[in-house]
Amino acid sequence: MAMSELNRRRLRNFRRNRRAFWSLILFSVLFVASLFAELIANDRPIMVSYKGEYYFPVYRFYPETAFGGDFGTEAIYTDPGVQCLIKTGGRPECWDDPEGVAREAAETGMIAGQPVEAGWMLWPPIPYHYRTINNVGTAPSAPDSAHLLGTDDTSRDVLARVIYGFRLSILFTLIVTVVASVIGISAGAIQGYFGGRTDLIFQRLLEIWSSTPSLFVIIILFAILGRSFWLLVFVSILFGWPALVGVVRAEFLRARNFEYVRAARALGVSDRKIMFRHILPNAMVATLTMLPFVVTGVISSLAALDYLGYGLPTSAPSLGELALQAKQNLQAPWLGFTAFFSFAIMLSLLIFIFEGIRDAFDPRKTFR
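Start counting the sequence shown at 80; every next residue gets the next number (the working numbering).
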């Protein structure tokens, strides 16, 4: 479907805002890269070649017996014995001296005078998952060539946790913001358009709901049901949708008596079409002005809950949990710097993008 002239003008205005445009490109690159976090940071190889066949451990479960081992549990690909089995075609000598046998096979192509069918493994750039515990001595350990951002207090790679935590934070924010915004805009539109008793009842219910202590509700629900990602999403939507009700309600109250609205009513246009096709586009500037605060509020709420211990499960990668570790380990400043710059970059890019969208929708805004 062809883009209308109005939308083309909005797109041109957005692209002329260089800060917003380049922020969108940078954020898109970071977000798309984080969607493939398993291919960037993982303790399982992307591809394994074993006896002429190809395996993809990142996406599938393979027992150790598939590579000539003894156990039916998932192969531990960082184990020197398993690596030797893959490189030598499953030779049993690997369990006696895995490094020596693998070296002999690589140098001579033979073991005990017999040729071997060499295999190989393709590893991600960061050979650590966010759950991988590395035996690096003291924890947390400072950044080095193996761990570019160091490790946390349980010897997990900080860079891997930042990549997975960034993806989790953005997906959480997108889900909560989209659903809460749809509910909030619809509620505000109904209040403002119909007014009268409908507006009065909605306002009283909104006042009661807004005064509910959300933190106590979260603590009670998590104590009963346990902590989970989708439960936190549900609770965040439950208490996040009133954020846009006020501004949308005000715009609809102002516009419902305009001439074009009265003309549409006189022509028999339905209320739903008047609300969402004629009035809502004019209220989008005020709505988009509030949207950056909603987005940053959701991210900050998630980080604060994780920091307090009432957010995502402890096993989940969390930037808020990284900030808590920074507070508890003042002798490891790299944790604090990583948490600060992760939040600063993420929030700054999102704010710049939404500022550009808001200006593109504003008919009074022009770019030279």
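Even glycine gets a Cβ: it sits at the ideal position worked out from N, Cα and C.
Open item on the list: Is the separation between the beta-carbon of VAL312 and that of ILE262 shorter than 9 Å?
Closed with: No, the pair does not count as a contact, with Cβ atoms beyond the cut-off.
Task: Exposed unless 16 or more other CB atoms sit within 10 angstroms - verdict on GLN162 - done: Classification of GLN162: buried, given that the 10 Å Cβ count is 16 or more.
- [ ] Rank ALA225, THR256 and GLY147 by C-alpha distance to the C-alpha of LEU370 and give the top, closest one.
- [x] Distances from the alpha-carbon of LEU370 to those of ALA225, THR256 and GLY147 put THR256 closest.
Open item on the list: Here's a check: name, in chain order, each residue in its chain whose Cβ is nearer than 6 Å to the Cβ of GLY435, leaving out the five neighbours to either side.
Closed with: Closer than 6 Å at Cβ, skipping near neighbours: PHE93, ASN96 and ALA99.
Task: Where the beta strand (DSSP E) through TYR129 begins and ends - done: Here the beta strand (DSSP E) through TYR129 covers 126-129.
Task: Bridge partner(s) assigned by DSSP for THR230 - done: BP columns for THR230 point to ASP236.
Open item on the list: Give the list of continuous alpha helix (DSSP H) stretches no shorter than 4 residues that lie fully inside the segment 359-437.
Closed with: For the segment 359-437, whole alpha helix (DSSP H) runs of length 4 or above, ordered along the chain, are 359-387 and 398-407.
Open item on the list: What does the alpha-carbon distance come out to for the pair TYR339 and LEU304?
Closed with: About 51 Å.
Open item on the list: Could you tell me the alpha carbon to alpha carbon distance between ILE205 and PRO360, rounded to whole angstroms?
Closed with: So the two alpha carbons sit approximately 46 Å from each other.
Task: Contacting residues, own chain, Cβ-Cβ under 7 Å from LEU300 (five flanking each side not counted) - done: Taking C-beta separations shorter than 7 Å and ignoring five residues to either side along the sequence, the partners of LEU300 in its chain run LEU310 and VAL314, following chain order.
Open item on the list: If you measure between the beta carbons of TYR207 and ARG246, is that distance less than 9 Å?
Closed with: No, Cβ-Cβ distance for TYR207 and ARG246 is not below 9 Å.
- [ ] Could you tell me whether the Cβ atoms of TRP320 and ALA266 are closer together than 9 Å?
- [x] Result yes, Cβ atoms of TRP320 and ALA266 sit closer than 9 Å.
Open item on the list: If distances are taken between C-alpha atoms only, which option among GLY376, THR230, THR368 and PHE331 comes closest to ARG356?
Closed with: Looking at the Cα atoms, PHE331 is the closest of the given residues.
TODO: Leaving out five residues on either side along the sequence, give the residues of the same chain with a beta carbon under 8 Å from the beta carbon of ILE249.
DONE: Excluding residues within five positions, the ones whose Cβ falls inside 8 Å are PHE110, SER113 and MET425.
TODO: Go through its chain and collect everything with a Cβ distance to LEU384's Cβ below 6 Å, but skip five positions before and after it.
DONE: If we look at LEU384 and ignore the five residues flanking it on each side, its Cβ neighbours are GLY390.
Open item on the list: Is the beta carbon of TYR243 closer than 9 Å to that of TYR272?
Closed with: Cβ distance not < 9 Å, so TYR272 and TYR243 don't count as in contact.
Task: Unbroken stretches of the beta strand (DSSP E), 3 residues or longer, contained in the segment 114-182 - done: Unbroken beta strand (DSSP E) stretches of 3 residues or longer found wholly inside the segment 114-182: 126-129 and 132-134, given in chain order.
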